[in-house]
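Counting in my numbering, the final residue of the sequence shown is number 326, and the numbers go up one at a time with none missing.
Glycine included, C-beta positions come from ideal geometry on N, C-alpha and C.
Everything below concerns the one structure shown next.
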Amino acid sequence: MILPSSIEGGLDLFFVKDGLPLQRYETDRLQKITDLLNHVCTIEYEITGSELAAIVREFRLIKQYRPGLNQQLEVHERTARYGNLKNFIVILPSSIEESLELFFVNDGLPLQRYEILRDAVNFSGVERILDTMYYEAVGANGRSPMHAIDNKNSHNSPTPFSLPARGEETRETVIYSSLETREMPNSPSLDGRGKGEGEKVFSDGNIQDGNTLTEIEMGEMEIVLSWVDTNKDQVNYINMDTVSGKEACLKLLKDYLHDEETPQKKHFRPS
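Put into structure tokens, the structure is as follows:
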């Protein structure tokens, strides 16, 4: 159905299908869609394990390419804290089969992410993140020792999910995400550094020296805090301000990973 619109000179289009809610599209919105399609050269997609991972990825791509037809160029700082959560771990599905993705949030530090297999037995990577984000003193600049960067190479600005080149000498950079793998006979670790824990180290060229978060880091934190506040009744998380210590936190994570009911809707919030 096409009817006069409340917008002067415009028309409203109504799409009607039996058994479905009435859908209304104003012609100015259709024009925006047409303009967008006229600028599309190719359509590509990435598979993510969760809505949160997709939103964070979208934010980084928008900041990187700044598309003219997308208005999400800035994430405004919140005027009030989202709920009472300040330091927590969100447990979400991963795009990797039989894995989960952990989002480590500490107020004032950059977001850390870690993908781990459901049947993992080695939690050393998780322990390192727990130590540096929650249980070890941060440096004088307000950052954890994990967030050191090689200033000499900082101009290279690798992509958020890029690996250092094979054989390239690099100093310790940000551990943006890690992945614990099943043991394979005579297999090297994922980053080609020989046998190890299967840890995958990514560099983030946006980390800078100083006592404040970068624009991208701040934007990611705002996205995560807002998303968790909206979805806190549907997602699983551990409140690090109330858990009794690192060992208790690790036990909760292990119990959760190995629980057969985990794929079902099961909330996990120790108080």
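Between which two residues does the beta strand (DSSP E) carrying L147 extend? Residues N142 to P148.
Which value, in whole angstroms, describes the spacing of the CA atoms of F40 and L157? The structure shown does not extend to residue 40, since the chain is modelled only from 56 through 326, so no value can be given for it.
Can you pull the DSSP bridge partners for N291? Answer is I146, bridged to N291.
For C292, collect the residues of the same chain with a Cβ closer than 8 Å to its Cβ; drop the 5 residues on either side in sequence, then sort them by chain order. In the sequence under discussion, the amino acid at residue 292 is Tyr, which differs from the Cys named in the question. Counting only Cβ-Cβ distances below 8 Å, and skipping sequence neighbours, we find L140, F143, I144, V145, I146, V283, F323 and R324.
Measure the C-alpha to C-alpha separation of T103 and A109 and round it to an integer number of angstroms. One alpha carbon belongs to T103, the other to A109, and they sit about 6 Å apart.
Given a cut-off of 7 Å, decide if L166 and E275 are closer than it, judged by their beta-carbon atoms. In contact: E275 and L166 (Cβ atoms closer than 7 Å).
According to the neighbour-count rule (16 or more other Cβ atoms, all chains shown, within 10 Å of its Cβ), is C304 buried or exposed? Counting the other Cβ atoms within 10 Å of the Cβ of C304 gives 16 or more, which makes it buried.
Can E153 and R173 be called in contact, C-beta distance under 7 Å? Yes; because the gap between Cβ atoms is below 7 Å, this pair is in contact.
Let me make sure I understand the geometry here. Which of Y189, G163 and V279 has the alpha-carbon closest to that of F114? The candidate whose alpha carbon is nearest that of F114 is V279.
Put P215 into one of helix, strand or coil per three-state DSSP. With a pLDDT of 29 at P215, under the threshold of 50, the predicted position of this residue should be treated as unreliable, though the coordinate-derived value follows. Looking at P215 - three-state DSSP - the assignment turns out to be coil, as it is neither helix nor strand.
Quick one: what does DSSP say V298 is sitting in, helix, strand or coil? Three-state result, V298: coil.
Helix, strand or coil for I98? Go by DSSP, reduced to three states. Coil.
Can you name the start and end residues of the alpha helix (DSSP H) that R112 belongs to? DSSP places R112 in the uninterrupted alpha helix (DSSP H) bounded by E106 to Y120.
Alpha carbon of L91 to alpha carbon of Y120, nearest angstrom: So the two alpha carbons sit approximately 16 Å from each other.
To which residues of the same chain is M295 closer than 6 Å at the C-beta, ignoring the five residues directly before and after it? Taken in chain order, the residues that qualify are N142, F143 and Y189.
G249 in three-state terms, based on DSSP: Its pLDDT being 32, under 50, G249 is placed unreliably by the model, and the measurement read from it follows with that caveat. Reduced to three states, the DSSP call for G249 is coil.
Helix, strand or coil: which one does DSSP assign to N93? Here N93 sits in helix by DSSP.
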